[in-house]
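Residue numbers (this note's numbering): 118 to 947.
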């Protein structure tokens, strides 16, 4: 990009000298006009005078864009005695861009210039444009001393900043209506918009095609006749057009048939192996990883809670109203509980059937990510995405952990994948492709199931990305309101019956659930965290792939043509999906690490697509060396260091220095040394991410199959590995109460229906419980001091600390009954 400022006289003189020695090029001047009857005559006369002084052969094309005044009639009258004047007339107003497009199409001279018909530019300055056109393909004017109002100048300045930032036009005054093009360049430009964005569109395409562009200062006059057709009301429309053009042409370009064929060719194989078979192999490995060794004790408090609720469903026979400690549990809908209860009835009530549900959900999420990734980007990308998802720290952990979020992630991701399939039309470029109703209805079913899993968050995570994509993308169908009605109806048919039944059984449920556990939770009634909380969570949960953050960010923001063509619209959809999930939960005051799990499939596909781009680009290995080598080696070394740290921590703080731990310690120490040595070997960049994936898999196996089970065995109160039940002589008749902490594993493992629970130490029911049960066991949250507990006991009560294990402290309490209590017992016994 070049900018030139010269004096009028010297440049004009130079132009005349050139004209004497060389053939002066012919010029087409386009004058777009809409209701310019007051000024069009002056515009034509000035244009004819200026062009005749510059070149012998020229033409003036007035494009009447559906004017309702006498603009066209005046042009016809002038055309009778100015033979170089031509009129193109639109039957209706189509917009500024459409007028320029018509003028370019009709141009017959060597150079094509255009300016507005309002006489705000001195057309004699076109001689400098002609001179510069010998060295540059596009010559743009910029207004040196703009004569518009200060408010309009401010609008223009902000708009130019936006255009330069988003489209990289490189010019300071993109909408200056005095530009000149080589005719061959003008004919190549694909002007798709009809509005005022046409200048930005032309310059963006010219840069993309490698044409040279120069700026030159021009004089600007105030408008004295006629009325400007540009006003403040055009700002939203122009900004909308700018965002859509940036999205579709710059950021996530619509792929041509050639681009799609090239992508399919590149994705047809993976290191000479069939990606489909490799995907099946990956699912088999994931199934072994997720379903093996699930029998270790449930971890308090999520796993114990979500296993106890379905156990109580079976015990009471009430599958409508969720209960915990046999009291209504208002927090969540029932789908996870139903699935666990079914698993209990099929396989028995124990840990493995409980964890079978999240493991199965994780396998289905993995398979669906690879399936839809293969449809969107090719089978190799689908395979890479599967590897990324399976080995991400966050997904690997939750795949074997009894939580709602794993099931929610499955149905939310399916709803968003199927919505994309419904609106996706590979041949559409104008947003008018047809909606695939089958995929759309399937998306509604998935939304209904997600709603039954965790409530309205299913709609909150689905609607904004789909609305945004259908609004901004020109390659996707735009559903009408009736389509959203159909989808909402399908989702309601899935979810509404249970909400109706639970309301009939407990009228307070809907208010508690929708207000307290959704709106109030969003406002911070539970788990409040700072707004930046998910930044480190995302980096840790995305390990080892989070080391690609910097190069992937550069890839997304890159302006070069090759990178632009490697970002199809589907990547934009995945970015909207994951970005909205991250933004929404960051804005929420209530935050837990697993809330980001629904974004994991989208992030895995984005990283998988980028990895495929990086590894398959053999012609530019140096361009991606940071991503191919340094990111991978850094991720490997970090994983090895984490492996050493985990093992050392386990040895020091768990008193469990077994032979297996020593073996892991030796392995991780050797791998850490090897990873540091390999950082100096730059010749193995192609396999760097392969070795990183293997190391990440070993880390996942150690943590999920060794560390987590060992931790759960050390913390459980009444699980199989705990001696407490036998040591304390606990049987079905032993009175037990839990205080503050719910300790759901107590009724679960003891298979009891009579374990009392008191949510607060101040609950008066504690004294009544102790009066009724003179010899009982209290299981109390460890943060409660014995003095505070003693203050709540009846008089003449004896409290004996038994032991502390995990988050609980156990006490045996003996209460000496008074005379009245003895008399009541005697009466009851008779």
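Where a beta carbon is used, it is the ideal one built from N, C-alpha and C, also for glycine.
Remember, it's a predicted structure, so these values are computed and weren't measured experimentally.
Under the three-state reduction of DSSP, which class applies to residue i: helix, strand or coil?
i: residue 898; result: strand
i: residue 908; result: helix
i: residue 650; result: coil
i: residue 382; result: Low confidence applies here, because residue 382 scores a pLDDT of 49, under 50, leaving its location unreliable and the question unanswered by this model.
i: residue 149; result: strand
i: residue 138; result: Confidence at residue 138 is low in this model, with a pLDDT of 46, below 50, so the placement of that residue should be treated as unreliable; the coordinate-derived value is given next. Note: residue 138 maps to helix in three-state DSSP.
i: residue 334; result: strand
i: residue 486; result: helix
i: residue 822; result: helix
i: residue 274; result: helix
i: residue 832; result: helix
i: residue 207; result: strand
i: residue 446; result: coil
i: residue 657; result: helix
i: residue 922; result: strand
Leaving out the 5 sequence neighbours to the left and right, which residues in its chain are closer than 6 Å to residue i when beta-carbon positions are compared?
i: residue 179; result: 148, 150, 192, 204
i: residue 548; result: Because the pLDDT of residue 548 is 46, which lies under 50, any placement of that residue in the model is unreliable, and the question is left without a value.
i: residue 501; result: 725, 728, 729
i: residue 802; result: 745, 746
i: residue 933; result: 913
What's the call for residue i, buried or exposed, on a 16-neighbour Cβ count within 10 Å?
i: residue 270; result: exposed
i: residue 507; result: buried
i: residue 429; result: buried
i: residue 907; result: exposed
i: residue 182; result: buried
i: residue 138; result: With a pLDDT of only 46 at residue 138, under 50, the local geometry of the prediction cannot be trusted, and no value is derived from it.
i: residue 660; result: buried
i: residue 86; result: Beyond the ends of the chain as shown, which are 118 and 947, falls residue 86; an answer cannot be given.
i: residue 391; result: exposed
i: residue 839; result: buried
i: residue 425; result: buried
i: residue 621; result: exposed
i: residue 468; result: buried
i: residue 904; result: exposed
Under 8 Å, do residue i and residue j count as touching if we go by C-beta distance?
i: residue 359; j: residue 280; result: yes
i: residue 654; j: residue 596; result: no
i: residue 234; j: residue 154; result: no
i: residue 285; j: residue 676; result: yes
i: residue 308; j: residue 297; result: no
i: residue 757; j: residue 781; result: no
i: residue 864; j: residue 435; result: no
i: residue 707; j: residue 645; result: yes
i: residue 527; j: residue 594; result: no
i: residue 888; j: residue 852; result: no
i: residue 923; j: residue 775; result: no
i: residue 188; j: residue 152; result: yes
i: residue 472; j: residue 519; result: yes
i: residue 695; j: residue 651; result: no
i: residue 247; j: residue 171; result: yes
i: residue 452; j: residue 531; result: no
i: residue 797; j: residue 509; result: no
i: residue 238; j: residue 220; result: no
i: residue 778; j: residue 812; result: no
i: residue 717; j: residue 512; result: yes
Please look up how many angstroms separate the CB atoms of residue i and residue j, rounded, as I've assumed it's under 8 Å.
i: residue 876; j: residue 899; result: About 16 Å; that fails the 8 Å criterion.
i: residue 475; j: residue 445; result: About 24 Å; that fails the 8 Å criterion.
i: residue 355; j: residue 312; result: 7 Å
i: residue 227; j: residue 302; result: Not confirmed; about 11 Å, so no contact.
i: residue 705; j: residue 753; result: Residue 705 to residue 753, Cβ: 35 Å. No contact.
i: residue 438; j: residue 619; result: 6 Å
Once you ignore the five residues that flank residue i on each side, which residues in its own chain have a CB closer than 7 Å to its CB?
i: residue 264; result: 337, 338, 339
i: residue 634; result: 447, 448
i: residue 363; result: 283, 284
i: residue 546; result: Unreliable placement is indicated for residue 546, whose pLDDT of 47 sits below 50; the coordinate value is still reported in the next sentence. If we look at residue 546 and ignore the five residues flanking it on each side, its Cβ neighbours are 371, 591, 592.
i: residue 260; result: 290, 293, 335, 337
How about residue i: is its C-beta nearer than 8 Å to some C-beta of chain D?
i: residue 474; result: No chain D appears in this structure, which consists of one protein chain only.
Near residue i, which residues of its chain fall below 8 Å by C-beta distance, leaving aside the five closest residues on each side in sequence?
i: residue 818; result: 406
i: residue 930; result: 887, 892, 893, 894, 895, 910, 914, 915, 916, 917
i: residue 901; result: 856, 857, 878, 926
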